[in-house]
Every structure is written in structure tokens, then in C-alpha cells.
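Visitor: If you scroll down you'll find the structure; I have some questions about it.
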Amino acid sequence: MAGAITLERILALQAAYIRCIDSNGLEAWPGFFLEQCLYKVTTAENQKNDFEAGIIFADSKDMLIDRVQALRQANIYEKQSYRHILGLPNVVNNGGAEAETETPFLVVRIMHDGQTDIFATGVYLDTVRNAGNDLKFARRIVVCDSSRVDTLMALPL
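Under the working numbering, the first residue of the sequence shown is numbered 920, with each subsequent residue one higher.
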């Protein structure tokens, strides 16, 4: 039986998620999601207007696996890395087996030449569920504050 969804478990999931991306462990990234999931990167304006399409859109773990394989084998982009800074999650609903949270974020992008810029700010709108002894994302909607999005969004946020 899975444990209660506590703030401590949500914080551990968030920390492991950003460590995975920031340390370039992208092959492990899809493992943070349920088989049937939603991962979408969008803008605040699109979210406000209920536009379904996203800058990045995946509605299954297999699509996330495909994205990582494409990043590693097919896509050509400048070498870069991210550093995530997260605020504390606000648990907006916790039904026991599922919780909904909102977590503010800031992502800094470091290019191969050392140039460092604020890449994105916004909020994660998450639904997390128990999956055995682990928490997994059933839904992660990444809502970027700015409507100006760099076309070089190679790595997941």
C-alpha cells in the first residue's frame, strides 16, 4: 500500500526531477511520469485562454522516451545545461491518492561558451499520484510567464 501524499514526498519528487534534468540524466526523466500522463509546456496567455496546444506536448510516457531519444540521437542543438530554482509547492488539493500542486520556478540556461541567461520563469501545475511506493506525475503543465519563448527549447523544463 502506498503512503499518504505528504509535502515531504512532493518535495522529494520535485528535487529528484530537477536534479535529473540539471545533471543531464535525461534518460531517467520519463521515469518520473505515469505510463498515461500529460507533459505540456505552454505560456501563461495560452493557459489563461484554455488553448490546448503546447510548445511541447506529450500525452504518454512513451512520447517522453521518444523525446529523449531524439535529443540524444537526432536533434542538433548547441550544448547547454539548465539550473532550476524552485519555490515551495502549494498543495491546492490532496485527495489522498492524488494531489494537485502549484510550484513556481526559475530556469537559468548555461550555454557551452559559459553565457548564462534567465531562460524561463513560471509555474508547474502538477497532479501527482501514488505509484507503488513512489510518487509520479500524472500531469505536469509547465506554464511559462512570458509569451516569448526561445526556439532553442531543447531540454525539458
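Where is the CB? At the ideal position from N, CA and C, for every residue including glycine.
How about valine 960 and leucine 1076: are their beta carbons less than 9 Å apart?
Guide: Against the sequence shown, residue 960 aligns to sequence position 41. Against the sequence shown, residue 1076 aligns to sequence position 157. Yes, these two residues count as a Cβ contact at 9 Å.
Visitor: If you run the structure through DSSP and keep just helix, strand and coil, what is proline 1075?
Guide: Your numbering for residue 1075 matches position 156 in the sequence shown. Correct three-state label for proline 1075: coil.
Visitor: Within its chain, find whatever has a CB closer than 6 Å to the CB of glutamate 954; leave out the 5 residues flanking it on each side and keep chain order.
Guide: Counted from its first residue, the sequence shown places residue 954 at position 35. Contacts found: Lys980.
Visitor: Ignoring anything shorter than 4 residues or poking outside the stretch 924-982, list the alpha helix (DSSP H) runs there in chain order.
Guide: List check, alpha helix (DSSP H) in window: 926-941 and 963-967.
Visitor: With three or more beta-carbon pairs closer than 8 Å as the criterion, would you say the stretch 1043-1051 touches the stretch 1020-1034?
Guide: yes
Visitor: If you draw a straight line from the alpha carbon of alanine 1039 to that of alanine 1050, how long is it in whole angstroms?
Guide: Residue numbering aside, residue 1039 sits at position 120 when the sequence shown is read from its first letter. Residue numbering aside, residue 1050 sits at position 131 when the sequence shown is read from its first letter. Rounded to whole angstroms, alanine 1039 to alanine 1050 spans 30 Å at the Cα level.
Visitor: For phenylalanine 1056, is the classification buried or exposed, using 16 other Cβ atoms within 10 angstroms of its Cβ as the cut-off for buried?
Guide: For the purposes of this step, residue 1056 is taken as residue 137 along the sequence shown, with counting starting at 1. Taking a 10 Å sphere around the C-beta of phenylalanine 1056, we find 16 or more other C-beta atoms and assign the residue as buried.
Visitor: Looking only at its own chain, which residues have a Cβ that is under 6 Å from the Cβ of leucine 1025, when we skip the five neighbours before and after it?
Guide: Your numbering for residue 1025 matches position 106 in the sequence shown. For leucine 1025, where only same-chain residues beyond five positions count, the Cβ hits under 6 Å are Ile1004 and Thr1040.
Visitor: CB alanine 935 to CB phenylalanine 952, shorter than 9 Å?
Guide: Taking the first residue of the sequence shown as position 1, residue 935 is located at position 16. Taking the first residue of the sequence shown as position 1, residue 952 is located at position 33. Taking 9 Å as the Cβ cut-off, alanine 935 and phenylalanine 952 do not qualify as a contacting pair.
Visitor: Please say whether isoleucine 974 and serine 1000 have beta carbons closer to each other than 9 Å?
Guide: Against the sequence shown, residue 1000 aligns to sequence position 81. Against the sequence shown, residue 974 aligns to sequence position 55. Judged by their CB atoms, serine 1000 and isoleucine 974 are not nearer to each other than the 9 Å cut-off.
Visitor: Answer yes or no: do glutamine 966 and isoleucine 1037 have a C-beta to C-beta separation smaller than 9 Å?
Guide: Translated into positions along the sequence shown, residue 966 becomes position 47. Translated into positions along the sequence shown, residue 1037 becomes position 118. No; because the gap between Cβ atoms is not below 9 Å, this pair is not in contact.
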